[in-house]
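K.L.:
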Amino acid sequence: MERSQLLIQVAHQRQTLFDEGLLDEQFVQLEELQDRTNPNFVEEIVTTYYQDTSRLILNIEQELERRPLDYGRLDGYMYQFMGSSTSFGAKKVKAECSLFREYCRAGNGEG
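What follows is the structure, given as C-alpha coordinates:
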(Lines of atoms letter the chains of each structure in order from A and count residues from 1; the text may use other names and numbers.)
(Lines give C-alpha, C1' and ligand atoms only; values in the text may rest on other atoms or scores of the structure.)
Protein backbone atom coordinates (compact mmCIF):
# COMPACT_ATOMS: atom_id res chain seq x y z
CA MET A 1 0.00 0.00 0.00
CA GLU A 2 1.33 3.44 -0.88
CA ARG A 3 2.25 5.94 1.79
CA SER A 4 -0.51 8.34 0.73
CA GLN A 5 -3.11 5.58 0.99
CA LEU A 6 -1.86 4.69 4.46
CA LEU A 7 -2.08 8.32 5.56
CA ILE A 8 -5.65 8.52 4.29
CA GLN A 9 -6.52 5.31 6.12
CA VAL A 10 -4.97 6.58 9.36
CA ALA A 11 -6.86 9.87 9.07
CA HIS A 12 -10.10 7.96 8.51
CA GLN A 13 -9.50 5.72 11.53
CA ARG A 14 -8.69 8.76 13.67
CA GLN A 15 -11.90 10.48 12.61
CA THR A 16 -13.88 7.33 13.37
CA LEU A 17 -12.62 7.45 16.97
CA PHE A 18 -14.09 10.95 17.29
CA ASP A 19 -17.29 10.11 15.41
CA GLU A 20 -17.96 7.16 17.71
CA GLY A 21 -17.36 9.31 20.78
CA LEU A 22 -14.29 7.42 21.91
CA LEU A 23 -12.08 10.52 21.87
CA ASP A 24 -12.86 14.15 22.62
CA GLU A 25 -11.30 17.60 22.20
CA GLN A 26 -8.71 16.90 24.91
CA PHE A 27 -6.97 14.47 22.55
CA VAL A 28 -6.81 17.18 19.87
CA GLN A 29 -5.17 19.48 22.40
CA LEU A 30 -2.56 16.81 23.09
CA GLU A 31 -1.90 16.49 19.37
CA GLU A 32 -1.38 20.24 19.15
CA LEU A 33 1.42 20.01 21.74
CA GLN A 34 3.47 17.86 19.38
CA ASP A 35 6.06 19.82 17.42
CA ARG A 36 9.52 19.51 15.91
CA THR A 37 11.18 19.60 19.31
CA ASN A 38 9.04 16.70 20.51
CA PRO A 39 7.90 14.80 17.39
CA ASN A 40 6.90 11.66 19.31
CA PHE A 41 4.85 13.41 21.99
CA VAL A 42 1.49 11.83 21.09
CA GLU A 43 3.03 8.39 20.75
CA GLU A 44 4.61 8.76 24.19
CA ILE A 45 1.31 9.92 25.71
CA VAL A 46 -0.59 7.02 24.15
CA THR A 47 2.02 4.54 25.39
CA THR A 48 1.95 5.99 28.91
CA TYR A 49 -1.86 5.96 28.97
CA TYR A 50 -2.01 2.31 27.97
CA GLN A 51 0.68 1.31 30.47
CA ASP A 52 -1.04 3.16 33.31
CA THR A 53 -4.51 1.93 32.50
CA SER A 54 -3.32 -1.66 32.03
CA ARG A 55 -1.91 -1.52 35.55
CA LEU A 56 -5.14 -0.03 36.89
CA ILE A 57 -7.26 -2.67 35.14
CA LEU A 58 -5.13 -5.41 36.72
CA ASN A 59 -5.58 -3.79 40.15
CA ILE A 60 -9.34 -3.51 39.60
CA GLU A 61 -9.60 -7.15 38.48
CA GLN A 62 -7.67 -8.30 41.54
CA GLU A 63 -9.82 -6.18 43.83
CA LEU A 64 -13.00 -7.60 42.29
CA GLU A 65 -11.81 -11.12 43.20
CA ARG A 66 -11.59 -10.23 46.91
CA ARG A 67 -14.46 -10.73 49.32
CA PRO A 68 -15.88 -8.68 50.74
CA LEU A 69 -15.52 -6.03 48.06
CA ASP A 70 -13.69 -2.91 49.20
CA TYR A 71 -15.78 -0.27 47.45
CA GLY A 72 -13.55 2.53 48.69
CA ARG A 73 -10.47 0.97 47.14
CA LEU A 74 -12.33 0.22 43.90
CA ASP A 75 -13.57 3.80 43.80
CA GLY A 76 -9.99 5.00 44.25
CA TYR A 77 -8.77 2.93 41.32
CA MET A 78 -11.64 4.17 39.18
CA TYR A 79 -10.88 7.76 40.20
CA GLN A 80 -7.32 7.30 38.91
CA PHE A 81 -8.58 5.59 35.75
CA MET A 82 -11.09 8.38 35.13
CA GLY A 83 -8.43 11.05 35.68
CA SER A 84 -6.05 9.44 33.21
CA SER A 85 -8.84 9.02 30.68
CA THR A 86 -9.95 12.63 31.09
CA SER A 87 -6.40 13.90 30.54
CA PHE A 88 -6.02 11.65 27.51
CA GLY A 89 -9.35 12.51 25.94
CA ALA A 90 -10.84 9.01 26.19
CA LYS A 91 -14.44 10.19 26.40
CA LYS A 92 -16.27 6.86 26.59
CA VAL A 93 -13.82 5.37 29.06
CA LYS A 94 -14.24 8.43 31.29
CA ALA A 95 -18.03 8.00 31.18
CA GLU A 96 -17.82 4.30 32.09
CA CYS A 97 -15.44 5.08 34.95
CA SER A 98 -17.91 7.63 36.27
CA LEU A 99 -20.71 5.05 36.16
CA PHE A 100 -18.54 2.44 37.89
CA ARG A 101 -17.74 4.98 40.63
CA GLU A 102 -21.46 5.54 41.18
CA TYR A 103 -21.89 1.79 41.73
CA CYS A 104 -18.98 1.82 44.18
CA ARG A 105 -20.44 4.71 46.17
CA ALA A 106 -23.80 2.90 46.27
CA GLY A 107 -22.13 -0.34 47.39
CA ASN A 108 -23.53 -2.07 44.31
CA GLY A 109 -21.29 -4.99 43.44
CA GLU A 110 -23.63 -6.23 40.73
CA GLY A 111 -23.69 -2.95 38.72
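The sequence shown finishes on residue 110 if you use numbering that gives the first Met the number 0, and the numbering steps up by one all the way, no holes.
Virtual Cβ for every residue (Gly too), placed ideally from N, Cα, C.
#1: Considering Cα atoms alone, identify which of 37, 106, 20, 14 is closest to residue 73.
#2: Nearest-angstrom Cα distance between residue 75 and residue 3?
#3: As a quick exercise: from 1, 80, 68, pick the residue whose alpha carbon is nearest that of residue 52.
#4: I believe residue 20 touches residue 91 by the beta-carbon criterion, under 8 Å. Please report the beta-carbon distance rounded to the nearest angstrom.
#5: Indicate, with yes or no, if the ligand HEM has a heavy atom lying under 6 Å from the CB of residue 16.
#6: Kindly indicate which three-state DSSP category residue 57 falls into: helix, strand or coil?
#7: Where does residue 68 sit, in a helix, a strand or coil, going by DSSP?
#8: Which value, in whole angstroms, describes the spacing of the CA atoms of residue 23 and residue 88?
#9: By alpha-carbon positions, which one of 85, 26, 71 ends up nearest to residue 101?
#10: Is the Cβ-Cβ distance between residue 44 and residue 29 less than 7 Å?
#11: Measuring CB to CB, does residue 26 end up less than 7 Å from residue 32?
P.N.:
For this structure:
#1: Put simply, of 37, 106, 20, 14 the residue whose alpha carbon is nearest the alpha carbon of residue 73 is 106.
#2: 45 Å
#3: Ranking the options by Cα distance to residue 52, first place goes to 80.
#4: 6 Å between Cβ atoms; contact.
#5: Absence of the ligand HEM from the depicted structure is noted, as is the absence of any ligand whatsoever, leaving it without description.
#6: helix
#7: coil
#8: A straight-line Cα-Cα distance of about 5 Å links residue 23 and residue 88.
#9: 71
#10: yes
#11: No, the pair does not count as a contact, with Cβ atoms beyond the cut-off.
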